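J.: Residue numbers (our numbering): 39 to 252. We treat Cβ as the ideally placed atom computed from N, Cα and C, and that holds for glycine. As the structure is a prediction and not an experimental result, all values here were calculated from the model.
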């Protein structure tokens, strides 16, 4: 394998949580007084995918003149139960398993709390992970590299031999700032790759091929 120390984002990278996140965001907006006919699910999705949940909160609280703290709180309440239905992306299990079988290690780096690992366990993917950083560890959020560096030190990872895989520029930027190579997973070609990832893929079979090239 070209790289055997793989660091993975969770939402939109390992697990397709966005449909549930968008639905939860719409429900939260409605609970805060926004009429259903005013909601544009595509725009909410793009705000989350191209930027972040924080960007979506900032944009739509301004647009609809809402209290951000209340919207964020209601959103979290609506989003939590939807995680149990979120599927893994096609091909991701094969990449994880192939890396472990080749003597490599997988690590999780997510802004989500420990329930991310719970979902990976339910999807039979947790077995492939050596370590993880979640929101419970209270590190600065990506693209700050602190959590990546800490995880690397904990498991004696040589960062120049590691790959950070994520679905947004901030994931790749965090990897680069930690001294790692970056891979952008962008199945719908939505991301303008300002982060200059070393590889950009729309399917995990492409990443697998790249990792195993001689």
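1. Once DSSP output is grouped into helix, strand and coil, what is the label at residue 49?
2. If we ignore side chains and look at the alpha-carbon of each, how far apart do residue 101 and residue 149 end up?
3. Relative to the alpha-carbon of residue 139, which residue among 166, 162, 128 and 146 has its alpha-carbon at the smallest distance?
4. Report the CB separation of residue 203 from residue 51 in whole angstroms; it is logged as a contact under 8 angstroms.
5. So what does residue 204 bridge to, in DSSP terms?
6. Do residue 125 and residue 161 have their CB atoms nearer than 9 angstroms?
7. Sorted by chain position, which residues of the same chain lie with C-beta nearer than 7 angstroms to residue 251's C-beta, five sequence neighbours on each side aside?
8. For the structure I just gave you, are there three or more beta carbon pairs, one from the region 175-195 and one from the region 79-88, closer than 8 angstroms?
9. I need the straight-line Cα distance from residue 69 to residue 105, nearest angstrom please.
10. Which residues in the same chain have their Cβ closer than 6 angstroms to the Cβ of residue 216, if we skip the five residues on either side of it in sequence?
11. Identify the residues that DSSP records as bridge partners of residue 237: which are they?
12. What are the partner residues of residue 146, as DSSP defines its beta bridges?
13. What are the complete alpha helix (DSSP H) segments, minimum 4 residues, inside the region 51-130?
T.: By the coordinates alone:
1. Looking at residue 49 - three-state DSSP - the assignment turns out to be strand.
2. Straight across, the Cα-Cα distance linking residue 101 with residue 149 is about 25 angstroms.
3. Distances from the alpha-carbon of residue 139 to those of 166, 162, 128 and 146 put 166 closest.
4. Yes, they are in contact, since the Cβ atoms of residue 203 and residue 51 sit about 6 angstroms apart, within 8 angstroms.
5. Beta-bridge partners of residue 204 (DSSP): 222.
6. It is a contact, given that the beta carbons lie within the stated cut-off.
7. The residues are 40.
8. Verdict: no, contact absent.
9. Using only the alpha carbons, I get a separation of about 12 angstroms.
10. Here the set comprises 183, 186, 187 and 197.
11. Under DSSP, the beta-bridge partners assigned to residue 237 are 221.
12. In DSSP, residue 146 forms a bridge with 46 and 170.
13. Correct list: 56-69, 79-88, 91-102 and 106-117.
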